[in-house]
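According to my numbering, numbering within the sequence shown proceeds without interruption in unit steps and concludes at 870.
Just below is one structure, and these are the notes that go with it.
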Amino acid sequence: MLMINKISVITLLILWGTIVLLARRDYLKKRDLRVYPPISFIVPCHNDEKTVSDTIHSIYDSYDHNKIELIVVNDCSTDDSVEVINRLKKKYNFKSINNACNLGKASAVNLACKNAKNKLLCMVDSDVIVNRKAIEGLVARFQNDSRVKAVNCAYNIQNKGWWATMQQMEANMMSLVLLSHNPFSTLYLYGGCLMVDRAAFLKVGGYSKNMLTEDADLAFKLNSHNFFVQHSFFPVSVQVEDKFFKWAKQRTRWVGGTVQCYLKHTQVWIRHLPHLVFLALFSILSIIYVIFLLNSFLFLNAAWKDYELLRQSATLLFSLKLLGFSYGALLFQSILSKTYFIFFSVPFIALRIQRPRELIKILYSIPFTLIYFPVLSVVSILSGIKEMVLFPFKTKDRRAW
């Protein structure tokens, strides 16, 4: 375990040192917004009657009404989404498409994109709240680098509670990594709020309906045509799953979709050296986390068995002393190894601290390191293995989800 500890510390230092330096470089780069171009906003909606209204209002609150083309696609909702959309349509006079059957997000967005008239498309999920800074941040990246053809936004999670905070830390971690990839073009996009050049989107065939994560697949396809993909640090507001099994199902789809992309676009990521290095380091960390988790379980199981054996012939105090003598050094080493990871998790919660009295939030690094990330690693590894087994049987025209 001592060798594993050394490997993990060295890996963490190299990984996070590089990530922070590259992300800071991207963050400090000045990007002027010279003009406000017309934008086609596309909102796919399926059974989001409770949130689609706020999404539409936020779009018009974030940009000049005269430069907005909004297309809302009602993907055969069975709730009152269509009534909400029609009511707002009277106020804002946007376009709407009503699908007779549920086509899925990929097909719904592709349909709207073909009917859009502007050069820039902005896909906004129907449970997301956008803001002026987020939209301006997306546009600025297009105007300051002609190579950029797609950009997505970071997440600001609105749910309350420690589980939502864990997911915010995960989102911050992902955002930091993607920011560090911007100088080389990132290989990953996720939904919520994503802006893309319409010509580039259509050239690569739009969204692939047979992929579990159509946004990530789009990033790979754009990179395969030598287009640049970037991540913006200006966040949009989102809601996340607050139930464990729904969270696990969502992560299973996300990880499975990412594995699909790697298997489908092998030539893209193999020639993308910076991403290849990051992927290797993250894989090492995930494996080490699982090893730590299994080792901790075996350690506690052995200690408990010894305790039960000692209690048959010794007092409680004497049993605890013997256990401390036998397992004390190993316990200290185990705690120390976890401390390394806790230290490197602090930046993910530090991004949420705005006032000195909120410094107590740093303690969230402990459950994130000892509970959330190990569970996420296990779910990710199992999901990845599952998708590698199923991928050869995927058909091109079959809808993934």
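Think of the CB as a built atom: it goes at the ideal place given N, C-alpha and C, for glycine as much as any other residue.
Judged by beta-carbon spacing, residue 705 lies within the 8 angstroms limit of residue 622, meaning their Cβ atoms are closer than that value.
Note that the stretch 645-658 touches the stretch 486-504; at least 3 beta-carbon pairs, one per stretch, sit closer than 8 angstroms. When DSSP reads this structure, residue 513 sits in a beta bridge with 542. Two segments are said to touch when three or more pairs of C-beta atoms, one from each, lie closer than 8 angstroms; by this definition the stretch 502-519 does not touch the stretch 770-789.
For residue 860, there is no enclosing beta strand (DSSP E), since its DSSP letter is neither H nor E. For residue 508, the secondary structure class from DSSP, reduced to helix, strand or coil, is strand. Under the three-state reduction of DSSP output, residue 822 falls in the coil class, being neither helix nor strand. Within the same chain, 755, 759 come within 7 angstroms of residue 850 by CB-CB distance, once the 5 residues on both sides are set aside. For residue 609, the enclosing alpha helix (DSSP H) covers residues 601-613.
By the C-beta density criterion, residue 511 is buried, having at least 16 other C-beta atoms within 10 angstroms. Beta-bridge partners of residue 592 (DSSP): 511, 663. In the three-state DSSP reduction, residue 529 falls in the helix class (H, G or I).
Scanning 838, 698, 859, 702 for the CA closest to the CA of residue 808 turns up 838.
Your pair residue 661 and residue 597 checks out as a contact, with CB atoms roughly 5 angstroms apart and the cut at 8 angstroms. Partner residues in a beta bridge of residue 737, as assigned by DSSP, do not exist. A Cβ-Cβ contact shorter than 8 angstroms links residue 856 with residue 725.
In this structure, the straight-line span from the alpha carbon of residue 848 to that of residue 717 is close to 7 angstroms.
Under the three-state reduction of DSSP, residue 694 is assigned to coil, being neither helix nor strand. Judged by DSSP in its simplified three-state form, residue 646 adopts helix. Distance from the CA of residue 592 to the CA of residue 572, rounded to the nearest whole angstrom, comes to 17 angstroms.
Judged by pairs of C-beta atoms under 8 angstroms, the stretch 629-639 does not touch the stretch 672-687, as fewer than three such pairs exist. DSSP places residue 625 in the strand class (E or B) of the three-state scheme.
Leaving aside the five residues that flank residue 744 on each side, the residues in its chain whose CB is nearer than 8 angstroms to its CB run, in chain order, 650, 653, 655, 656, 738. Per DSSP, residue 564 is one residue of the beta strand (DSSP E) stretching across 564-567.
Judged by DSSP secondary structure, residue 783 falls outside any alpha helix (DSSP H); it is assigned neither H nor E. Under the three-state reduction of DSSP, residue 618 is assigned to strand. Shown here, residue 636 sits in a helix according to DSSP, grouped into three states.
In this structure, 502 is the residue among 635, 509, 682, 502 with its C-alpha nearest to the C-alpha of residue 613.
DSSP places residue 710 in no alpha helix (DSSP H); its state is neither H nor E. Only residues of its own chain outside the window of five on either side were considered, and among them 543, 551 have a CB closer than 7 angstroms to the CB of residue 567, listed in chain order. Per the coordinates, the alpha-carbon of residue 740 lies some 13 angstroms from the alpha-carbon of residue 694. Within the same chain, 606, 607, 620, 622 come within 6 angstroms of residue 701 by CB-CB distance, once the 5 residues on both sides are set aside. As the crow flies, the alpha-carbon of residue 554 is around 8 angstroms from that of residue 521. Distances from the CA of residue 526 to each of 833, 668, 601, 678 were compared; the closest alpha carbon is that of 601. Counting along the chain, residue 585 sits inside no alpha helix (DSSP H), nor does DSSP assign it H or E at all. DSSP places residue 673 outside any alpha helix (DSSP H), giving it a letter other than H or E.
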